[in-house]
Amino acid sequence: MRRALAEARAALATGDVPVGAVVLGPDGTGFGVGRNAREATADPTAHAEVLALRAAAKALGTWRLEGCTLVVTLEPCTMCAGALVLARVSRLVFGAWDPKAGAAGSVRDVVRDGRLNHRIEVFGGVAEEECAALLHGFFAGQRAGAD
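Sequential numbering of the sequence shown, starting at 1373, is according to our numbering.
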């Protein structure tokens, strides 16, 4: 989670929502990292999870990330949860819950939906306070700047 938090903090430099992610192999080796880059790239799909999955798939030479764990600072949205399922990620570890758009147990539970062809083991709330504080600080700054 420390590496994901470092990526999240780096997203602040481009005005992106501070979310960071890392894909770990079965032995704990990091294969791909990502941070939100929607503002930096003008790409609506440039979420930390998607970028980390792309980097891991490229490093491993396969889109099948079976046995891998994605660690991310915020509960994935529906798009990212779907990408995790399609990539066959085995485990998801996330920090802050997302009561508005979360799709790993709060609003939806895409990653464990029995109707899909793959389900993911989920560990939520890891370093939750630190992850949530980073997000709250960012959005407080956004609101203050809008005044």
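Even for Gly, the Cβ is constructed at its ideal location relative to N, Cα and C.
Asked                                                                                                     : Found
Inter-stretch contact (C-beta, 8 Å, three-pair minimum) for the region 1401-1412 and the region 1463-1471 : no
Supposed close pair A1385, G1392 - CB separation, criterion 8 Å                                           : In fact, because the Cβ distance is near 12 Å, the residues do not count as touching under 8 Å.
Coil, strand or helix - R1463 by DSSP                                                                     : strand
Boundaries of the alpha helix (DSSP H) in which G1509 is found, first to last residue                     : E1500 to A1518
8 Å contact criterion, which L1456 and L1442 should meet: CB distance rounded                             : 6 Å
Counted within 10 angstroms of its Cβ, other Cβ atoms place H1419 as buried (16 or more) or exposed       : buried
Under the three-state DSSP convention, the category A1428 falls into                                      : helix
Per-residue burial, A1505 [other beta carbons within 10 Å of its own, 16 or more giving buried]           : exposed
Buried or exposed by the 16-neighbour rule on C-beta atoms within 10 Å, applied to A1518                  : exposed
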